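So the sequence shown is numbered by my numbering: it starts at 59 and just counts up by one.
Below is one structure, written out as C-alpha cells; comments come after it.
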Amino acid sequence: MHKLRDKAITDIVRSRLSEDQDTSGQTIDVTVTEGDLFLVGWCDSTDQKISAVRIAKGAHGVRTVINNIRVRPAPRQSI
59 MHKLRDKAIT DIVRSRLSED QDTSGQTIDV TVTEGDLFLV GWCDSTDQKI SAVRIAKGAH
119 GVRTVINNIR VRPAPRQSI
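Pasting the structure below:
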C-alpha cells in the first residue's frame, strides 16, 4: 500500500515542480519512501530551492521533506 501511495505522491510533486514558474526546468529528482519525500538536484537560486520545498510540503501524504537541493554557483565574470 505504501508503494502505491508513495508513487502517487512522487508523480504529483514532479508534476507540480514542472508546472511551477520558479521550479520548471530545474534539475530536481523526487523520491518518496513511506511518506518521506527526498528532493535531490540543482537549481539556479535560493528562491527556486525554497519553492521546491514549499511544493513538496504541500502535497497530501508527505510526512517529512528531506531537502538535498543545491544552488548552482553564479558564473564567474571575466575581467
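We put the CB at the ideal spot given by N, CA and C, even for glycine.
Being a predicted model, the structure only gives us computed values, none of them experimental.
- Here Ser109 is buried. Its C-beta has 16 or more other C-beta atoms within 10 Å.
- Judged by their CB atoms, Leu95 and Ile86 are not nearer to each other than the 8 Å cut-off.
- Pairing Val120 with Ser136, the inter-Cα distance amounts to about 44 Å.
- The DSSP-derived three-state label of Asp94 is strand.
- Between Val71 and Val88, the gap from beta carbon to beta carbon is short of 8 Å.
- When rounded, the separation of the alpha-carbon atoms in Thr81 and His60 is 27 Å.
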